[in-house]
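**Student:** Residue numbers (my numbering), protein chains in the order written: chain A, 7 to 121; chain B, 397 to 509.
Glycine is no exception: its CB is placed at the ideal position from the N, C-alpha and C atoms.
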Amino acid sequence: GAGVSQSPRYKVAKRGQDVALRCDPISGHVSLFWYQQALGQGPEFLTYFQNEAQLDKSGLPSDRFFAERPEGSVSTLKIQRTQQEDSAVYLCASTYGGLPDNEQFFGPGTRLTVL
Amino acid sequence: KQEVTQIPAALSVPEGENLVLNCSFTDSAIYNLQWFRQDPGKGLTSLLLIQSSQREQTSGRLNASLDKSSGRSTLYIAASQPGDSATYLCAVPTSSNTGKLIFGQGTTLQVKP
Chain A
7 GAGVSQSPRY KVAKRGQDVA LRCDPISGHV SLFWYQQALG QGPEFLTYFQ NEAQLDKSGL
67 PSDRFFAERP EGSVSTLKIQ RTQQEDSAVY LCASTYGGLP DNEQFFGPGT RLTVL
Chain B
397 KQEVTQIPAA LSVPEGENLV LNCSFTDSAI YNLQWFRQDP GKGLTSLLLI QSSQREQTSG
457 RLNASLDKSS GRSTLYIAAS QPGDSATYLC AVPTSSNTGK LIFGQGTTLQ VKP
């Protein structure tokens, strides 16, 4: 595909359920980011991968959040025991290189609603 | 700690008007600044990226300027159209080696026909 893709686009979960959100970055892109965007706010950083290595997870709000990228391509963000405050749009972005000045390309996001 | 602020939070203009969106940041040691567009329910579309060594970038009716010393960037939209209605976000990478972006809260623009 030409761009970053994410699935599902929409997810409704009952409080306490586990969810898994998938990101397919642009082919060949080394770096992958996850961001969380609350309604009416700008996105906030969650975690960063360079290839399969998770180099920064300082933005993950709690130990209920876990991300992986085992083969350095597709990434999954997992949220365990979802809470209502987890309701947000989760955005994935990728960049070609591993440099901080590389342009980031975003996917369409997954809108998570926790009831 | 880097903070990014966008003013105004919302803007409504008649079609055809030229307009300016503002973005300010507290730490001038940035690699670049990126402007994005976000349509309702959609992801972010990159509009312009200005490297720290550049003063401005242009794409069609869009022109973005960067003044690192004053911690400011502006996005100029010429001859606005209803299709320009969206939320516009600016972002800068942190000074860490990851390049994670710090975003402003966005300016929601409505262009009325």
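1. Quick check on A/GLU74 - is its C-beta less than 8 Å from some C-beta in chain B?
2. Specify, as a first and last residue, the run of the beta strand (DSSP E) that B/PRO489 falls within.
3. Whole angstroms is fine: what's the gap from B/THR490's alpha carbon to B/ASN428's?
4. Going residue by residue through the segment 412-450 of chain B, where are the continuous beta strand (DSSP E) segments of at least 3 residues, counting only ones entirely within it?
5. Can you give the Cα-Cα distance for B/SER420 and A/GLN110, rounded to whole angstroms?
6. For B/THR504, which residues from the same chain have a beta carbon less than 6 Å from its beta carbon, with the 5 sequence-adjacent residues on both sides left out?
7. Closer than 8 Å, CB to CB, is B/LEU462 near chain A or not?
8. Using beta carbons (cut-off 8 Å, strictly below), is B/TYR484 in contact with chain A?
9. Thinking B/LEU471 and B/TRP431 are a contact (beta carbons under 8 Å), I'd like their distance in whole angstroms, please.
10. Mind listing which residues of the segment 494-508 of chain B have their C-beta closer than 8 Å to chain A's C-betas, in chain order?
11. Mind listing the chain B neighbours of A/GLU109? Cutoff is C-beta to C-beta under 9 Å, in chain order.
12. Report yes or no: is there a C-beta of chain A within less than 8 Å of the C-beta of B/LYS397?
13. Note down the Cα distance separating A/GLN89 from A/LEU83, rounded to an integer number of angstroms.
14. Which of the residues in the segment 44-77 of chain A, read from start to end, lie with their CB under 7 Å from any CB of chain B?
15. Have a look at A/PRO49, A/SER79, A/ALA99 and A/LYS17 and flag the residue whose alpha-carbon is nearest the alpha-carbon of B/GLN501.
16. What are the boundary residues of the beta strand (DSSP E) that includes B/GLN506?
**Tutor:** By the coordinates alone:
1. It does not: the Cβ of A/GLU74 has no partner Cβ on chain B nearer than 8 Å.
2. 482-489
3. 10 Å
4. Here the runs fully enclosed are 415-421, 428-434 and 440-447.
5. 20 Å
6. ALA406 and THR483
7. no
8. no
9. 5 Å
10. For the segment 494-508 of chain B, which is checked against every Cβ of chain A, the residues closer than 8 Å are THR494, GLY495, LYS496, LEU497, ILE498, PHE499, GLY500, GLN501 and GLY502.
11. ASN428, GLN430, SER442 and LEU445
12. no
13. 15 Å
14. GLN47, GLY48, PRO49, PHE51, TYR54, LEU61 and ASP62
15. A/PRO49
16. Looking at the DSSP string, the run of the beta strand (DSSP E) that includes B/GLN506 is 503-508.
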